[in-house]
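Enquirer: Protein sequences appear in the order of chains L and G. No gaps in the numbering here: position 96 of the first sequence is 95 in numbering that gives the first Met the number 0, and each next residue is one more. No gaps in the numbering here: position 213 of the second sequence is 212 in numbering that gives the first Met the number 0, and each next residue is one more. A virtual CB, placed ideally from N, CA and C, is assigned to each residue, including glycine.
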Amino acid sequence: MDASAAREPIRLVVNGRARDLAVEPHALLLDVLRDDLDLKGAKRSCDSQVCGACTVLVDGLAVSACTYLAVEADGRSILTVEGLAEGESLHPVQRAFVDAGAVQCGFCTPGMLLTTRALLDDNPAPTREDVLHYLRGSLCRCTGYRKIVEAILAAARARGQASAPARVE
Amino acid sequence: MLRPFALHRPRTAEEACELLARLGEDAAPYAGGTELLLLMKLGLLRPRHLVDVKRVAGFDDIADGARLTIGASVTHRTVERSAVVRARCPLLASVARHIANVRVRNVGTVGGNLAFADPHSDLATLFLALDASVELVSPRGRRELTLAEFVRGPWETARAADELLTSVRLAPWPASTAAAFVKFGVHERPTLGIAVALRLDGSGTGRARVVDARVVVGCVNPCPARAPGAEARLTGIALADLEDVAGEAAALAAASADTADDLHGSADYKREMVAVFVRRALRVAAARARGLPPGAGFPHAIIA
Numbered sequence: 000m001d002a003s004a005a006r007e008p009i010r011l012v013v014n015g016r017a018r019d020l021a022v023e024p025h026a027l028l029l030d031v032l033r034d035d036l037d038l039k040g041a042k043r044s045c046d047s048q049v050c051g052a053c054t055v056l057v058d059g060l061a062v063s064a065c066t067y068l069a070v071e072a073d074g075r076s077i078l079t080v081e082g083l084a085e086g087e088s089l090h091p092v093q094r095a096f097v098d099a100g101a102v103q104c105g106f107c108t109p110g111m112l113l114t115t116r117a118l119l120d121d122n123p124a125p126t127r128e129d130v131l132h133y134l135r136g137s138l139c140r141c142t143g144y145r146k147i148v149e150a151i152l153a154a155a156r157a158r159g160q161a162s163a164p165a166r167v168e
Numbered sequence: 000m001l002r003p004f005a006l007h008r009p010r011t012a013e014e015a016c017e018l019l020a021r022l023g024e025d026a027a028p029y030a031g032g033t034e035l036l037l038l039m040k041l042g043l044l045r046p047r048h049l050v051d052v053k054r055v056a057g058f059d060d061i062a063d064g065a066r067l068t069i070g071a072s073v074t075h076r077t078v079e080r081s082a083v084v085r086a087r088c089p090l091l092a093s094v095a096r097h098i099a100n101v102r103v104r105n106v107g108t109v110g111g112n113l114a115f116a117d118p119h120s121d122l123a124t125l126f127l128a129l130d131a132s133v134e135l136v137s138p139r140g141r142r143e144l145t146l147a148e149f150v151r152g153p154w155e156t157a158r159a160a161d162e163l164l165t166s167v168r169l170a171p172w173p174a175s176t177a178a179a180f181v182k183f184g185v186h187e188r189p190t191l192g193i194a195v196a197l198r199l200d201g202s203g204t205g206r207a208r209v210v211d212a213r214v215v216v217g218c219v220n221p222c223p224a225r226a227p228g229a230e231a232r233l234t235g236i237a238l239a240d241l242e243d244v245a246g247e248a249a250a251l252a253a254a255s256a257d258t259a260d261d262l263h264g265s266a267d268y269k270r271e272m273v274a275v276f277v278r279r280a281l282r283v284a285a286a287r288a289r290g291l292p293p294g295a296g297f298p299h300a301i302i303a
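#1: Starting from the beta carbon of L:Thr66, find every residue of chain G whose beta carbon is closer than 7 Å, and list them in chain order.
#2: Under 7 Å Cβ-Cβ, which residues of chain L neighbour G:Leu1?
#3: Assuming G:Leu191 and G:Cys218 make a contact with CB atoms under 8 Å, what is their CB distance in whole Å?
#4: Can you list, in chain order, the residues of its chain whose CB lies under 6 Å from that of G:Lys182, leaving out five sequence neighbours each side?
#5: Using the beta-carbon count (16 or more within 10 Å), is L:Val97 buried or exposed?
#6: If you follow the alpha helix (DSSP H) that G:Tyr29 is part of, which residue opens it and which one closes it?
#7: Does the contact criterion of 3 or more C-beta pairs under 8 Å hold for the region 131-138 of chain G versus the region 162-170 of chain G?
#8: DSSP state of G:Gly111, grouped into three classes?
#9: Using 10 angstroms around the beta-carbon of G:Leu43, count the other beta-carbons present and answer buried if the total reaches 16, otherwise exposed.
#10: Just to confirm the assignment, what range does the beta strand (DSSP E) spanning G:His310 have?
#11: Report the rounded CA-to-CA distance for L:Gly136 versus L:Ala95, giving the unit in angstroms.
#12: Give the single residue among G:Leu241, G:Arg198, G:Leu144 and G:Leu1 whose Cα lies nearest to the Cα of G:Arg47.
#13: In this structure, how does DSSP classify G:Lys182 when only helix, strand and coil are distinguished?
#14: Any idea what DSSP makes of L:Thr114, helix, strand or coil?
#15: Can you say whether G:Ser120 is buried or exposed, counting buried as having 16 or more other CB atoms within 10 angstroms of its CB?
#16: From the beta carbon of G:Asn105, is the nearest beta carbon of chain L less than 8 Å away?
#17: Please name the residues in the region 75-86 of chain G whose beta-carbon is closer than 8 Å to at least one beta-carbon of chain L, in chain order.
#18: Pull up the distance between the alpha-carbon of G:Arg287 and that of G:Pro298, whole angstroms please.
#19: Give the DSSP bridge partners of G:His48, in chain order.
#20: For a quick check, are the C-beta atoms of L:Leu29 and L:Arg43 less than 8 Å apart?
#21: Can you list the residues of chain L that G:Ala6 reaches, using a CB-CB cut of under 9 Å?
#22: Under 8 Å between beta-carbons, which chain L residues line up against G:Glu187? List them in chain order, please.
#23: Examine chain G for any beta-carbon lying closer than 8 Å to the beta-carbon of L:Leu60, and answer yes or no.
#24: Could you give the first and the last residue of the continuous beta strand (DSSP E) run that contains G:Leu163?
#25: Find the residues of chain G that neighbour L:Tyr133, judging by a C-beta separation of less than 8 Å, and give them in chain order.
#26: Spatial neighbours of L:Leu58 within its chain, please: C-beta separation below 7 Å, excluding the five flanking residues on both sides.
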């Protein structure tokens, strides 16, 4: 083999835990997460960045892990759905999805949860239009989206009540 | 799955061009990978070397001056949020906000989008309307091409194998310009993109006249194309008369569109949609020039 197969050391933080790995340049982040780190939450589905099932957060930004080289994660912090809950207690976004019944088969749910997390970190009080804009390219074939959107808006309201002082508008 | 390749990470444009020149057909420039990696997965492209341009100094800069300069590896997300872009060319920031989806915008780059030359590129359509140009660098030096010179056809550009796109440059039209970008479609990539820009000789009152016009049709042509007949019809009219002239200009734009049948629709259907959406884009632009909201939305369409 030529030099192209040489593994490259990368150091990243996955769900709060530092990891030192050696990956080939052509390794995709999705495969490293699923196969090397046994984190199966991110799903391979369309494999072309149009469906959102493989969404993970890289330094807080939603990324399609199916089309993201693992070497690009060097020095960065990755959040997968396995890192959302704090111990036994669900993350507020997960809680909102459960409460709203926004989950049916569950295949899209990890990506939806992480996309929601990124949205609310960026925009704590999104309008319905903001939510729909952000969800473009996050596909669900069960719910019809209605309850997902309800869950996201409920998560935003819960978060606002929990953390923000009363705002004067 | 991707086939194995070597990844190179030059720090300067000179180093990057030297790599491209030496590796020839075996190498491809790489930035966000949102287009390149997809074609590599399909086996349509099989480069044995990727030259990552994201670490090249200056490629991720947005610079303001006589012209606005956007580095090739600036992401769509950065364009959307850039205070400079929002102030100098708000339509560009708005179009960037609607490119593909949030995950693509977070990693996809302006230079990658233009160099890939997908006929459905929102940016190429918009930049053609904004008279933008691109700078290329190679071992032979630097050169600047207009967008029309650069994009030659579907997935085809004037970039030589050892050349790199360094930046896109544009001189924003005055803030009073009436402009809009409207795209339509139900697939992941738009079926139609229309960019219009009307430079006015005064503020947005009924007496203002159109002194220069751009009407650009994207997606349905082999590459984004201006509609010279429509532009000529619009030039010189009073803004107050736009409603009367819009249908005629839209018909001229449709007549000049080089449409083809594909999974987005038949050639005739696309031609009809060009007429519909040029008219709508002109109405949106005219409303904005008067300081009004764009009015009602259109099904399956995004107004930027």
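Expert: So, to answer that:
#1: The answer, in chain order, is Gly32, Thr33, Leu36 and Leu37.
#2: Near G:Leu1 (Cβ distances below 7 Å), the residues of chain L are His25 and Leu27.
#3: Contact holds; Cβ gap of about 5 Å.
#4: Residues Pro189, Gly192 and Ile301 of the same chain have their beta carbon placed closer than 6 Å to that of G:Lys182, with the five preceding and five following residues left out of the count.
#5: Taking all protein chains in view, the Cβ of L:Val97 is surrounded by fewer than 16 other Cβ atoms within 10 Å, so the residue is classified as exposed.
#6: G:Tyr29 -> not in any alpha helix (DSSP H); beta strand (DSSP E) instead, spanning Ala26 to Tyr29.
#7: With the cut-off at 8 Å, the region 131-138 of chain G and the region 162-170 of chain G touch.
#8: Secondary structure of G:Gly111 (DSSP, three-state): helix.
#9: Result: exposed.
#10: Absent from the structure is residue 310 of chain G, since the part of chain G shown begins at 0 and ends at 303.
#11: Going by C-alpha positions, L:Gly136 is about 21 Å away from L:Ala95.
#12: Of the listed residues, the one whose Cα sits closest to G:Arg47 is G:Leu1.
#13: Strand at G:Lys182.
#14: Helix at L:Thr114.
#15: Buried, since its Cβ has 16 or more Cβ neighbours within 10 Å.
#16: Taking 8 Å as the threshold, the shortest C-beta distance from G:Asn105 to chain L falls below it.
#17: Taking 8 Å as the Cβ-Cβ cut-off against chain L, the residues of the region 75-86 of chain G that qualify are Arg76.
#18: When rounded, the distance between both Cα atoms is 20 Å.
#19: G:His48 is bridged to G:Ala5 and G:Ala26.
#20: For L:Leu29 and L:Arg43, yes; Cβs fall inside 8 Å.
#21: The sequence as given places Leu at residue 6 of chain G; Ala does not occur at that position. Chain L residues near G:Leu6: Ser3, Glu7, Pro24, His25, Leu68 and Val70.
#22: Neighbours of G:Glu187 on chain L, chain order: Val49 and Gly136.
#23: Using a Cβ-Cβ cut-off of 8 Å, L:Leu60 counts as an interface residue toward chain G, since at least one Cβ of chain G sits closer than that to its own.
#24: Here the beta strand (DSSP E) through G:Leu163 covers Leu163 to Leu169.
#25: What L:Tyr133 touches in chain G: Val101.
#26: Just to set this straight, residue 58 of chain L is Asp in the shown sequence, not Leu. Take L:Asp58, set aside five residues on each side of it, and the residues of its chain with a beta-carbon closer than 7 Å to its own are Arg75 and Ser76, in chain order.
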